[in-house]
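With UniProt numbering as the guide, the letters of the sequence shown map in order to residues 1 to 247.
Glycine is no exception: its CB is placed at the ideal position from the N, C-alpha and C atoms.
Below is one structure, written out as structure tokens, with a few remarks after it.
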Amino acid sequence: MSTSPTVTIAASMRGGTKDYGSGDAAVRALDGLDVDIAQSEFTAIMGPSGSGKSTLLHTLAGLDRLTAGESWIGETQITGLSEDKITQVRRDKIGFVFQAFNLIPSLSARENITLPLDIAGRDVDPQWFEEIIAILGLGDRLTHLPAELSGGQQQRVAVARALVARPELIFADEPSGNLDSRSGAELLGFMRRAVKEFGQTIVMVTHDPTAASYSDRVLFLADGRIVDEMREPTADRVLDRMKQMGH
Ligand SMILES: Nc1ncnc2c1ncn2[C@@H]1O[C@H](COP(=O)(O)OP(=O)(O)O)[C@@H](O)[C@H]1O
Ligand SMILES: [Mg+2]
């Protein structure tokens, strides 16, 4: 008789609700959402624009607070924690790739990449740094300021910054969105390797079926709820599912 493998949960949410604004302008971005993110799994989140993908990522990562419901990072319940404690959990455990990069304009690419470690007072592992830089093709761009880099290069700096501290959990909002197809494929291949070889946990928002096909599991969001999921996705199956969802 085979036993099912024990799944460790890296992050989860129960009844996650997020409202923005009030009165006539009120928007329910997350509508009582339940999700478990398994450790060492690559999860993709898809759904129409405005379906709550970024909000889900931000609230799971403790960057933004839920209006109601609860969420955990590992064993730590983050709803109800003080801002200081949440910041500490984020620093220790989480890397985040923002949709809009969020690089510091006055810092070089290298300084932006090592910033999380510098803030945490931790040393940079030179071998890991070199590996990330080589894979992301940033070796000759490290002294440049963000304004001197293309969109794709800025995106790769943002990815390197999320990876440099070897966080347990990486959240990425459209990480391959600004890359040409070759660099996009390289980045996604690297992310998949990080999951398979180093046991990294990654949650990635994407609207690209090919990008989603690198993941182990796709969650489909609509109107702030998870409406479907797919394991071992292929680009064709994801595309078919998206067509059924009408976008
Ligand atoms: N800061 C905000 N203020 C007001 N409304 C917001 C804010 N952020 C997101 N929303 C709204 O919440 C809903 C979900 O947004 P978002 O999570 O960004 O969706 P997605 O990433 O899937 O496009 C949308 O209706 C959006 O307009
Ligand atoms: Mg978004």
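- request: Kindly list the residues whose CB is nearer than 8 Å to the CB of V124, restricted to its own chain and excluding five residues on each side of it in sequence; keep chain order.
  value: Here residue 124 corresponds to residue number 124 of the sequence shown, with the count starting at 1. Taken in chain order, the residues that qualify are T114, L117 and V164.
task: Could you tell me how far apart the beta carbons of I78 and K93 are, in whole angstroms, since I believe they sit closer than 8 Å?
output: Position 78 of the sequence shown, counted from the first residue, corresponds to residue 78. Position 93 of the sequence shown, counted from the first residue, corresponds to residue 93. That belief does not hold up - the Cβ atoms of I78 and K93 are roughly 10 Å apart, past 8 Å.
- prompt: How about the stretch 21-28 and the stretch 79-98: do they share at least three Cβ pairs that are nearer than 8 Å?
  reply: no
message: With DSSP as the reference, identify every bridge partner of W128, one or two as the case may be.
response: Sequence index remark: in the sequence shown, residue 128 carries index 128 (1-based). BP columns for W128 are empty, so no partner.
- request: Go through its chain and collect everything with a Cβ distance to G210's Cβ below 7 Å, but skip five positions before and after it.
  value: Locating residue 210 in the sequence shown gives position 210, where the first residue counts as 1. A small fix is needed here, since residue 210 is Thr in this sequence, not Gly. Within the same chain, T210 has close Cβ partners A235.
task: Drop a sphere of 10 angstroms on the beta-carbon of A162, count the other beta-carbons inside from all chains shown, and report buried for 16 or more, exposed for fewer.
output: As a working note, residue 162 is residue 162 in the sequence shown. Per the 10 Å Cβ criterion, buried.
message: When you compare the CB positions of I37 and T201, do they come within less than 8 Å of one another, or not?
response: For the purposes of this step, residue 37 is taken as residue 37 along the sequence shown, with counting starting at 1. For the purposes of this step, residue 201 is taken as residue 201 along the sequence shown, with counting starting at 1. Cβ atoms of I37 and T201: closer than 8 Å.
field: Through-space distance from S51 to S215, alpha-carbon basis
entry: Locating residue 215 in the sequence shown gives position 215, counting from the first residue. Locating residue 51 in the sequence shown gives position 51, counting from the first residue. Cα to Cα, S215 sits roughly 20 Å from S51.
query: So, helix, strand or coil for M191, using DSSP?
result: As a first step, residue 191 must be located in the sequence shown, where it is residue number 191. Helix, per DSSP.
message: Suppose you measure from the CA of E148 to the CA of L33; what does that come to, to the nearest Å?
response: The count along the sequence shown starts at 1 and reaches residue 148 at position 148. The count along the sequence shown starts at 1 and reaches residue 33 at position 33. Distance between the alpha carbons of E148 and L33 is about 41 Å.
Nearest to D180 (by Cα), restricted to the options A160, D208 and L239: By one-based count along the sequence shown, residue 180 stands at place 180. Residue D208 is the option with its Cα nearest to D180.
- prompt: Per DSSP, what kind of secondary structure is E232 in: helix, strand or coil?
  reply: Residue numbering aside, residue 232 sits at position 232 when the sequence shown is read from its first letter. Here E232 sits in coil by DSSP.
- prompt: Which residues share a DSSP beta bridge with Q77?
  reply: Position 77 of the sequence shown holds residue 77. DSSP, once it has assigned bridges, lists W72 as partnering Q77.
- request: Rank A109, R193, L187 and V238 by C-alpha distance to the C-alpha of L145 and give the top, closest one.
  value: Sequence index remark: in the sequence shown, residue 145 carries index 145 (1-based). Nearest of A109, R193, L187 and V238 to L145, Cα basis: A109.
task: Tell me whether the beta-carbon of S176 lies closer than 8 Å to the beta-carbon of G189.
output: The residue given as residue 176 occupies position 176 in the sequence shown. The residue given as residue 189 occupies position 189 in the sequence shown. No; because the gap between Cβ atoms is not below 8 Å, this pair is not in contact.
Among A10, I133 and R217, nearest to E186 - alpha-carbon criterion: Here residue 186 corresponds to residue number 186 of the sequence shown, with the count starting at 1. Ranking the options by Cα distance to E186, first place goes to I133.
query: If we count the other Cβ atoms within 10 Å of its Cβ and call it buried at 16 or more, is P105 buried or exposed?
result: Counting from one through the sequence shown, the residue named residue 105 turns up at place 105. The residue in question, P105, is exposed, as its Cβ has fewer than 16 Cβ neighbours within 10 Å.
- prompt: Can you give the Cα-Cα distance for E168 and K53, rounded to whole angstroms?
  reply: One-based indexing of the sequence shown puts residue 168 at position 168. One-based indexing of the sequence shown puts residue 53 at position 53. Near 21 Å, if we compare the C-alpha coordinates of K53 and E168.
field: First through last residue of the alpha helix (DSSP H) which encompasses A160
entry: Against the sequence shown, residue 160 aligns to sequence position 160. Where A160 is concerned, the enclosing alpha helix (DSSP H) stretches over G151 to L163.
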